[in-house]
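Protein chains in written order, with the working numbering: chain A, 1 to 213; chain B, 214 to 351. Just so you know, even glycine gets a beta-carbon here, dropped at the ideal spot from N, CA and C. Since the model is a prediction, treat every value here as computed from it, not as a measurement.
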């Protein structure tokens, strides 16, 4: 693992010196049901006119890595091409019984739980391959979870630039909670958006371009 | 005199809390350290670990936990709840702070406590700078 991190670090420096950044591999990470796919879909709809993946109110809807190549974003006269990598939500526990509350049958819930555990492993494996990462958090939820701290800690260790997105600001429970996310991660830029409603996307793009410049 | 035998009812359920001192895991490889912690969590023990795992070890812990969920059929292992606590005061005098930093770099961060609880027992771990609150399942 440390060898891989060192290798990636030098690879990043090398590419930074000798190559112009054409394709930025942008990962969407975060806990389950925070709106990673909704945000990736928003970007794809805005710039390609098509969606990347299916969303649902049931957690762990994304259980496999979803990729959209060559998403060209033109913002304030600057152009960048992204490879969007939408990842399954990272969790420390997956209980099939949680899915039963959403009206699923036992067999279906067990299958979903099994696929979700594999998705978490896959998401972790992809951490090394990212050029930049968007951490998507649900503003209505507690940001001080160990999963959030672990993901960010690993990106810092790998020297991968991070932008934190406080998503779902359209929900009633989000009022006054953006400051809590800012307080939890004071070293990072936090952009408050609603990926579903397309709220505050201008500020998101501004921060995204600043992140990968 | 015959010893009185303490009778336990079948419905009595106990929770095991195991303290793992830093010395017990400090000299293990990352792989062994993570494996040891997950193996104990699978045995339905709540672990109080002296020290903190490295960020890379924390993702390895999540990965290992996921592998155990897939494998487990009889043990009904559903994962873990994880939290780290650092009770240290942030505003220490300069020399004390330097001394602490030196000790941490030499011997590891022993002031931090990592709590790992099996998700079948622990529903949530609430963090407070000086308190650990474990919300258990009924």
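| For residue 297 of chain B and residue 258 of chain B, believed in contact at Cβ under 8 Å, the rounded distance | That pair is no contact at about 18 Å.
| request: Provide the residue(s) that pair with residue 74 of chain A in DSSP beta bridges, ordered along the chain. | output: A:79
| message | Which same chain residues end up closer than 6 Å to residue 196 of chain A when comparing Cβ atoms and leaving out the 5 residues on each side of it in sequence? | response | Result list for residue 196 of chain A: 38, in chain order.
| Would residue 109 of chain A be called buried (16 or more neighbouring beta carbons within 10 Å of its own) or exposed? | buried
| Does the beta carbon of residue 228 of chain B sit closer than 8 Å to a beta carbon anywhere in chain A? | no
| query | Among residues of its own chain, excluding the 5 on either side of residue 204 of chain A, which ones have a beta-carbon nearer than 6 Å to its beta-carbon? | reply | 191 and 193
| Buried or exposed: where does residue 29 of chain A fall if 16 or more other Cβ atoms within 10 Å of its Cβ makes it buried? | buried
| request: Could you tell me the distance, in whole angstroms, from the CA atom of residue 176 of chain A to the CA atom of residue 186 of chain A? | output: 16 Å
| said: When you measure from the CB of residue 156 of chain A to every non-hydrogen atom of the ligand MG, does any distance come out below 7 Å? | reply: The ligand content of the structure shown is nil, which means the ligand MG is not present either.
| Per-residue contacts from residue 355 of chain B into chain A (C-beta, under 7 Å) | Residue coverage of chain B in this structure runs from 214 to 351, which leaves residue 355 of chain B outside it and unanswerable.
| task | Tell me where the alpha helix (DSSP H) around residue 205 of chain A begins and ends. | result | Where residue 205 of chain A is concerned, the enclosing alpha helix (DSSP H) stretches over 201 to 212.
| Cα-Cα separation between residue 100 of chain A and residue 74 of chain A, rounded to whole angstroms | 43 Å
| request: Report all residues from its chain with a CB closer than 7 Å to the CB of residue 140 of chain A; omit the five preceding and five following residues, and keep chain order. | output: 168, 171, 173, 174 and 177
| message | In whole angstroms, give me the CA-to-CA distance for residue 57 of chain A and residue 306 of chain B. | response | Approximately 50 Å between the Cα atoms of the pair.
| Using the beta-carbon of each residue, which ones in chain B are nearer than 8 Å to residue 183 of chain A? | Simply none; closest approach about 14 Å.
| message | Measuring straight from C-alpha to C-alpha, what distance separates residue 135 of chain A and residue 252 of chain B? | response | 30 Å
| said: I'd like to check one pair, residue 103 of chain A with residue 64 of chain A: are the Cβ atoms closer than 8 Å? | reply: At a Cβ-Cβ threshold of 8 Å, residue 64 of chain A and residue 103 of chain A do not count as neighbours.
| field | C-alpha distance - residue 340 of chain B paired with residue 122 of chain A, whole-angstrom precision | value | 29 Å
| query | Should residue 241 of chain B be labelled buried (16 or more other beta-carbon atoms within 10 Å of its own) or exposed? | reply | With fewer than 16 other CB atoms across the displayed protein chains lying within 10 angstroms of its CB, residue 241 of chain B is exposed.
| query | Is residue 246 of chain B helix, strand or coil when you go by DSSP? | reply | helix
| field | 9 Å Cβ cut-off: residues of chain A touching residue 292 of chain B | value | 91, 92, 93, 94, 95 and 117
| field | Within the region 243 to 298 of chain B, ranges of the beta strand (DSSP E) (whole runs, at least 3 residues) | value | 258 to 263 and 293 to 298
| message | Taking the straight line between their C-alpha atoms, what separation do you get for residue 261 of chain B and residue 188 of chain A? | response | 30 Å
| said: I need the DSSP call for residue 37 of chain A, collapsed to helix, strand or coil. | reply: helix
| message | So if I threshold CB-CB distances at 7 Å, which residues from the region 249 to 275 of chain B count as touching chain A? | response | 268, 269, 271, 272 and 275
| message | Taking the alpha helix (DSSP H) that residue 96 of chain A belongs to, which residues open and close that run? | response | 96 to 100
| request: With residue 153 of chain A as the anchor, note down where its alpha helix (DSSP H) starts and where it stops. | output: 146 to 157
| Name the chain A residues that come within less than 9 Å of residue 239 of chain B, Cβ to Cβ? | Listed along chain A is no residue with a C-beta nearer than 9 Å to that of residue 239 of chain B; the closest approach is about 18 Å.
| task | Have a look at residue 133 of chain A and residue 244 of chain B and give me their C-alpha separation to the nearest angstrom. | result | Taking the Cα positions, residue 133 of chain A is about 26 Å away from residue 244 of chain B.
| request: Would you list the one or two residues that DSSP bridges to residue 29 of chain A? | output: A:135
| query | Considering residue 337 of chain B, what are the terminal residues of the beta strand (DSSP E) in which it resides? | reply | 335 to 340
| Residue from A:115, A:27, A:54 and A:50 whose Cα sits closest to the Cα of residue 85 of chain A | A:27
| The alpha helix (DSSP H) spanning residue 123 of chain A covers which residue range? | 106 to 126
| request: State the Cα-Cα distance for the pair residue 249 of chain B and residue 277 of chain B, rounded to the nearest angstrom. | output: Roughly 10 Å between the two C-alpha positions.
| query | Which residues share a DSSP beta bridge with residue 59 of chain A? | reply | Residue 59 of chain A is not bridged to any residue.
| query | Excluding sequence positions up to five away, which residues of its chain have a Cβ less than 7 Å from the Cβ of residue 47 of chain A? | reply | Around residue 47 of chain A: 71, 72 and 73.
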